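In our numbering, the protein residues as written are 2 to 305.
Printed below as a string of structure tokens:
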């Protein structure tokens, strides 16, 4: 399943719908069932080898018929052939064990760097910051406003032209322009999400589900701890003095967080565009805590 912008969000199997959990690099790091319950997790090395596939209890999944093994998309959201253990990047196959493509690139010198002349190299030997979804050109994993700033700097920097000319050069430039367009669209979406977070909807709407964060109203209370890695940041449906209040709908409207009611009285909040580890590491300065601050208020104040 894909969005109107062709972003991969899930798949259907045996009349059941499953949704992907991704990190910032577009790796599929987990799968949710139709009830938004996490049913498995994936771990990869830098070049995409599958390190482990586990259930929510941390047990290795070895059953080939488990949905975690049936799922066709994995590292960087590439299509994965589990029989050959190769990824298909729309023009050729990539072997994560070698960190190389199994056949040569059809374009020479795409990056204007000497690494671009290695026709079998994957992401210029730097898969941490690069991605190659088409199998013929490595592009930086940049997003949002920071990406636009870096692109502006790059646009003014001197260029050393490669020997690639004519139609091949045009193809490379077109690929870069597509990437720039996508990054600009992503930046606009982030700005819209931040705007939504600054102007939360009214709590007076009876259709919204109020939720409460206990243990104080300081910003540090909106940062997850190590114990929250698997369970998400906890909120309760039950009110309590000296707590922060918001709604599930307000959190989901931020565009950078999503809230799931996983029991009768408990709600878990997770980041979009990153992992719980990222949120814990970035702390109070993270975009996720910033969004929560905008949509939460002290419960006692709201009661007056």
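Where is the CB? At the ideal position from N, CA and C, for every residue including glycine. Predicted model, so just to flag it, every value in this text is computed and none were measured.
Inset, instruction - Pair every Cβ in the stretch 285-299 with every Cβ in the stretch 237-251, then say whether three or more of these pairs are closer than 8 Å. - result: With the cut-off at 8 Å, the stretch 285-299 and the stretch 237-251 touch.
Legend entry - Residues near residue 15 in its chain [Cβ-Cβ closer than 7 Å; skip 5 each side]: No residues qualify anywhere along the chain.
Inset, instruction - Measure the C-alpha to C-alpha separation of residue 210 and residue 241 and round it to an integer number of angstroms. - result: If you draw a straight line from the Cα of residue 210 to the Cα of residue 241, it is about 15 Å long.
Inset, instruction - Leaving aside the five residues before and after residue 96 along the sequence, list all residues of the same chain whose C-beta is less than 7 Å from its C-beta, in chain order. - result: Close CB contacts of residue 96 within its chain, under the 7 Å cut and outside five residues either way in sequence, are with 87 and 103 (chain order).
Inset, instruction - Express the C-alpha separation of residue 17 and residue 236 in angstroms, rounding to a whole number. - result: Distance from the CA of residue 236 to the CA of residue 17, rounded to the nearest whole angstrom, comes to 29 Å.
Inset, instruction - State whether the stretch 225-233 contacts the stretch 270-278, with contact taken as three or more CB pairs (one from each stretch) at a distance under 8 Å. - result: For the pair of segments examined, the stretch 225-233 was found to touch the stretch 270-278: the number of CB pairs separated by less than 8 Å reaches three.
Inset, instruction - Please work out which residues of its chain come closer than 7 Å, Cβ to Cβ, to residue 3, disregarding the five sequence neighbours upstream and downstream, and give them in chain order. - result: In chain order, 9 and 10 place their CB closer than 7 Å to the CB of residue 3, counting only its own chain and leaving out the 5 sequence neighbours on each side.
Inset, instruction - Would you mind reading off the limits of the beta strand (DSSP E) that contains residue 282? - result: No beta strand (DSSP E) holds residue 282; the alpha helix (DSSP H) holding it covers 277-283.
Inset, instruction - Count the other C-beta atoms from every protein chain shown that fall within 10 angstroms of the C-beta of residue 27, then say buried if there are 16 or more, exposed otherwise. - result: The residue in question, residue 27, is buried, as its Cβ has 16 or more Cβ neighbours within 10 Å.
Legend entry - Buried or exposed (CB count within 10 angstroms, at least 16 for buried), residue 131: Classification for residue 131: buried.
Inset, instruction - Mind checking which residues open and close the alpha helix (DSSP H) that includes residue 251? - result: Per DSSP, residue 251 belongs to the alpha helix (DSSP H) from 249-254.
Legend entry - Alpha-carbon to alpha-carbon, residue 94 and residue 65: Here the alpha carbon of residue 65 sits roughly 23 Å from the alpha carbon of residue 94.
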